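What the sequence shown shows, in this note's numbering, is residues 58 to 485, in sequence order.
Report on one structure; see the data block that follows.
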Amino acid sequence: MLDIKHKEQLSAVRIESETLNSSPTLLAMDFLNDISNRFPEAISLAAGRPPNEFIDTTKISLYIDKYIQYRSERSGVGRDEIFAGLGQYGPTAGIIRDLVATFIQRNNEVEVNEKNVLITNGFQEALIIELMNFSRDKKAAVIAIDPTYVGLTGAAITCGLPLFVVPASDNVSEALAIGAKTAIEQGFTHLCAYLIPDFDNPTGKSLSEESRKDILHIAATYNITLFEDVTYRLFNYDSHQYSSLLKLDKTGCVIQLGSFSKIFMPGTRIGYIARNESGESGSNYKSIIKSFVSVCTSHITQAIVGGFLLDANTATTFNADRQAFCKNNRDIMLSTLEEYLEGVSGVSWSVPNGGFFLTVNVPFEFGEQETIELAKRSKVIVTPMQFFSPTGSFKQQIRLCFSANKPDLIRLGTERFAMYVKARSNES
Ligand SMILES: Cc1ncc(COP(=O)(O)O)c(C=O)c1O
């Protein structure tokens with residue numbers, strides 16, 4: 058049973074759209090792009106990109122061919138007709154729902170009917186469609202943990218939804234309950250919450266199995282729909298994998314939102330929305346919304362992902378090479394931090410079990426000016442954690458990304474960053 062402690066220490070903050078329009082949270086991505094353009098020679102430990110080494114665009118025509126062959130064999134329709142169909146309009150819900158359902162089933166160990174899958178233009182459209190659907194109710198509000206993925210903050214604002222954020226703590230279910238109570242007190246009774254249970258962006262943290270069960274309990278108590286973002290789930294550097302919320306869900310309150318950006322190619326812009334069998338199958342409203350947002354998702358890029366899934370759904374370890382690459386980069390980053398910063402007063406860092414990110418705590422404030430100074434003088438770009446905070450908190454934390462560079466650059470970039478942190482820490 059959940060024990061809610063320290064209630065007085067945590068509180069939810071309601072974020073108004075007007076405040077956010079001028080907040081660094083939404084301007085953060087532009088700022089980072091601007092810095093990268095201004096200092097092109099700097100090593101970026103900021104962008105959460107998948108490693109270039111594994112994005113093999115030369116295989117695109119092979120994937121399409123494989124997909125066409127598969128569809129032709131299954132339907133009895135000729136290859137030419139299937140190929141020509143890729144250039145046409147088509148079903149809003151997508152043409153690779155069966156393959157994506159198998160993929161989700163495999164990665165979550167839970168039954169998923171293809172009727173409960175909607176193919177989207179990346180994760181971001183999946184989230185926007187869900188929030189648009191939610192916002193049809195005037196009493197709707199979103200709960201999130203502070204700091205959170207900037208894509209959520211932007212999507213909530215775009216949909217005009219009030220956002221209640223609760224500071225990150227070790228007890229996420231407690232934070233969720235506090236967020237729900239505050240929202241309900243202010244008249245918002247139609248609630249959803251956004252969570253990244255595995256290898257969070259920006260913090261790198263994961264939720265324990267117990268915490269996941271507690272979250273589902275709170276969701277049932279306050280009638281909260283949970284949006285589970287599983288973008289980094291398949292980058293697990295531990296032997297143990299926790300159950301997804303989708304798997305643990307018995308009441309149909311979980312909606313899983315996925316992406317093929319990190320495990321395949323962000324350029325295909327393919328993502329999905331899925332529910333398990335206990336969820337309501339009627340995704341009517343979402344299909345209607347999608348039909349007015351993007352009509353349908355490109356059949357050409359769906360065919361590319363379809364061909365990829367024909368391999369991935371049958372392989373034992375399709376993401377192993379990328380995973381090993383990112384794990385090695387994480388280890389290099391950690392050992393470099395240890396080499397330069399071990400014992401420096403006020404400096405510590407997290408050790409993530411997966412994903413692309415880790416958090417460094419420093420004894421001084423690190424924001425826009427410091428980011429520019431670091432890029433200019435030390436030729437390394439990192440992200441202040443406050444960029445991910447709708448309340449502008451976490452001023453003494455920094456997010457480092459270890460996925461997007463070759464190992465030697467990860468070492469060099471981390472070394473430059475660590476020297477700066479050491480010098481600044483000794484001053485303060
Ligand atoms: C937390 C999180 N969710 C989702 C995505 C992927 O989004 P998309 O599928 O739109 O590329 C990212 C990419 O940066 C992310 O960090």
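A virtual CB, placed ideally from N, CA and C, is assigned to each residue, including glycine.
For clarity, every value in this text was computed on a predicted model and none was experimentally measured.
For residue i, count neighbouring C-beta atoms within 10 Å of its own C-beta (all shown protein chains included) and say buried if the count is 16 or more, exposed if not.
i    : result
G403 : exposed
A377 : exposed
V419 : buried
D54  : Outside the shown range of the chain, which is 58 to 485, sits residue 54, and nothing can be said about it.
P544 : Limits of the chain in this structure are 58 at one end and 485 at the other, which puts residue 544 out of reach.
P97  : exposed
E422 : exposed
T288 : buried
R193 : exposed
Y146 : exposed
S405 : exposed
To the nearest angstrom, how far is the alpha carbon of residue i from that of residue j?
i    : j    : result
G339 : F160 : Any answer about G339 is weak, because its pLDDT of 49 lies below 50 and its placement is not dependable; what the coordinates show is given next. So the alpha carbons of these two residues sit roughly 21 Å apart.
G151 : Q359 : 8 Å
G424 : E430 : 10 Å
A197 : V207 : 20 Å
T69  : P224 : Contrary to the premise, residue 69 reads as Ala rather than Thr in this sequence. Looking at the two C-alpha atoms, the distance is approximately 7 Å.
F180 : I327 : 7 Å
E395 : S344 : 50 Å
S450 : F444 : 9 Å
F256 : S300 : 13 Å
L59  : I272 : Summary for L59: the model assigns pLDDT 36, below 50, so the residue's position carries little reliability; its value from the coordinates is reported in the next sentence. Using only the alpha carbons, I get a separation of about 9 Å.
T177 : A232 : 30 Å
G105 : F292 : 13 Å
R332 : S485 : 50 Å
Q380 : K195 : 43 Å
T428 : F474 : 11 Å
N370 : L188 : 30 Å
I117 : D295 : 31 Å
N410 : G135 : 47 Å
D286 : V167 : 16 Å
S268 : R131 : 43 Å
L398 : N109 : 29 Å
R128 : L143 : 12 Å
Do residue i and ligand 1 come close, with the Cβ less than 7 Å from some heavy atom?
i    : result
I112 : no
Y251 : no
F445 : no
T288 : yes
N258 : yes
G208 : yes
P441 : no
G105 : yes
Q162 : no
Q181 : yes
G324 : no
G217 : no
S316 : yes
G403 : no
G261 : no
G328 : yes
Pull up the DSSP beta-bridge partners for residue i, would you.
i    : result
F96  : DSSP output for F96 lists no bridge partner at all.
H491 : Because residue 491 is not part of the residues shown, which for the chain are 58 to 485, the question remains open.
S316 : G328
C458 : F414
D203 : P224
V167 : None; V167 has no bridge partner.
R71  : F221
V174 : A331
E285 : L252 and Q313
P441 : I455
S405 : N418
S101 : I438
N293 : G411
Would you mind giving the Cβ-Cβ distance between residue i and residue j, rounded to the nearest angstrom? I have them listed as a contact below 8 Å.
i    : j    : result
C458 : A103 : 6 Å
P441 : T82  : Going by Cβ atoms, the distance from P441 to T82 rounds to 11 Å, so no, they are not a contact pair.
T149 : K347 : 5 Å
A250 : A201 : 7 Å
R468 : T416 : Not a contact, Cβ separation roughly 19 Å.
F88  : G261 : Between G261 and F88 the Cβ distance is about 21 Å, and since that is not below 8 Å, they are no contact.
I488 : I330 : Outside the shown range of the chain (58 to 485) lies residue 488, about which nothing can therefore be said.
A213 : V199 : 5 Å
P464 : I389 : 5 Å
R107 : K452 : According to the sequence shown, residue 107 is Pro rather than Arg. Not really, about 29 Å apart at Cβ, beyond 8 Å.
L314 : A158 : Contact flag wrong, Cβ pair sits at about 15 Å.
A234 : F221 : Contact flag wrong, Cβ pair sits at about 12 Å.
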